[in-house]
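Novice: According to my numbering, the sequence shown holds residues 52 to 273 in order.
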Amino acid sequence: MSREKSGVGVFLLAESRLLRELFARVLARRNDIRVVGAGTPSLQNLSEVIAANPDVLLCDSLGPALSTGELLLEVRRNLPAVSIVMFGMDADQEKFLTAVHHGVTGYVLKDASAADVAGAIRAVSNGEAVCPPTLCRALFDHVAGSEAWRPGVQVRQNLGLTRREQQLVQLLSEGLTNKEIAATFNLAEQTVKNHVRRMLRKVGATDRLEAIERWRELGFWT
Numbered sequence: 052m053s054r055e056k057s058g059v060g061v062f063l064l065a066e067s068r069l070l071r072e073l074f075a076r077v078l079a080r081r082n083d084i085r086v087v088g089a090g091t092p093s094l095q096n097l098s099e100v101i102a103a104n105p106d107v108l109l110c111d112s113l114g115p116a117l118s119t120g121e122l123l124l125e126v127r128r129n130l131p132a133v134s135i136v137m138f139g140m141d142a143d144q145e146k147f148l149t150a151v152h153h154g155v156t157g158y159v160l161k162d163a164s165a166a167d168v169a170g171a172i173r174a175v176s177n178g179e180a181v182c183p184p185t186l187c188r189a190l191f192d193h194v195a196g197s198e199a200w201r202p203g204v205q206v207r208q209n210l211g212l213t214r215r216e217q218q219l220v221q222l223l224s225e226g227l228t229n230k231e232i233a234a235t236f237n238l239a240e241q242t243v244k245n246h247v248r249r250m251l252r253k254v255g256a257t258d259r260l261e262a263i264e265r266w267r268e269l270g271f272w273t
């Protein structure tokens, strides 16, 4: 079932059972969000997360598997299309940058409301990032001074590719069909076609092969 028809699928990871149940009820009231699973943030629950194949993984800040990033890295390895939102967070620069490094695209502070969390879920599911204004400078400073910064990143920005489109580039280069990509991201096939059409237009290509060659020329892969 496509996201457009069923809403954004969310798997909730939280240490507190009460918190999991409360958030599940709150999110269930949103017509465009559905909870596909819930559990504690531990590697023992990794198989459940993978089986649920959520669009968004919503995590609280507690648990050793999250503090070390091990669980998030495993989730990203098995579900490359999933977006990760962490809530109940401190405005700590080091924790924030570590979360970004582990693939988190939504970072919600402790004083956020349930509506803020729901908004973050919607935002990351649409390929956006959610960053507290107080921590944006830390992220900019980190990227500006990082030796790991690569020209390929700037190329992606200059091409105007969204986060979802960046994910599609790799799958297109591997020769996946629209139908296969749709199944990977739990999207409607027509949605994938629209994405591909916009991507070709942005790179000035008439077909996939030409687009892939252009991305290589522009340094998308380094």
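All C-beta atoms, glycine included, are put in the ideal place defined by N, C-alpha and C.
1) Which term fits Ala166, buried or exposed, when burial requires 16 or more other beta carbons within 10 angstroms of its beta carbon?
2) Which of the three DSSP states is assigned to Ala89 in this structure?
3) Let me know the secondary structure DSSP gives Ser134 once reduced to three states.
4) Find the nearest neighbour of Leu70 within the set Phe138, Thr235, Pro183, judged by alpha-carbon distance.
5) Checking 8 Å against the spacing of the C-beta atoms, do Ala174 and Val181 come in under that value?
6) Which whole-angstrom value describes the C-beta separation of Leu108 and Val100, a residue pair presumed to lie in contact below a C-beta threshold of 8 Å?
7) Expressed to the nearest angstrom, what Euclidean distance is found between the alpha-carbon atoms of Glu198 and Arg76?
8) Which term fits Asp141, buried or exposed, when burial requires 16 or more other beta carbons within 10 angstroms of its beta carbon?
9) In terms of residues, what are the limits of the beta strand (DSSP E) holding Thr235?
10) Evaluate contact between the segment 119-138 and the segment 77-88, counting only Cβ atoms and requiring at least three cross-stretch pairs below 8 Å.
11) From which residue to which residue does the beta strand (DSSP E) around Leu212 run?
12) Assign Leu212 to one of two classes, buried (16 or more other C-beta atoms within 10 Å of its C-beta) or exposed (fewer than that).
13) Whose CA, out of Arg265, Phe147, Asp83, Gly154, lies closest to the CA of Met250?
14) Roughly how many angstroms separate the alpha carbons of Val247 and Val59, rounded to a whole number?
15) For Cys182, which three-state DSSP category applies?
Specialist: Taking the geometry as given:
1) exposed
2) strand
3) strand
4) Phe138
5) yes
6) 7 Å
7) Reliability fails at Glu198, whose pLDDT of 46 lies under 50, so the model's placement of it is uncertain and the value that follows must be treated cautiously. Rounded to the nearest angstrom, the two C-alpha atoms are 44 Å apart.
8) exposed
9) Where Thr235 is concerned, there is no enclosing beta strand (DSSP E), although the alpha helix (DSSP H) it sits in stretches over 229-236.
10) no
11) Neither: Leu212 is in no beta strand (DSSP E) and is coded neither H nor E.
12) buried
13) Arg265
14) 21 Å
15) coil
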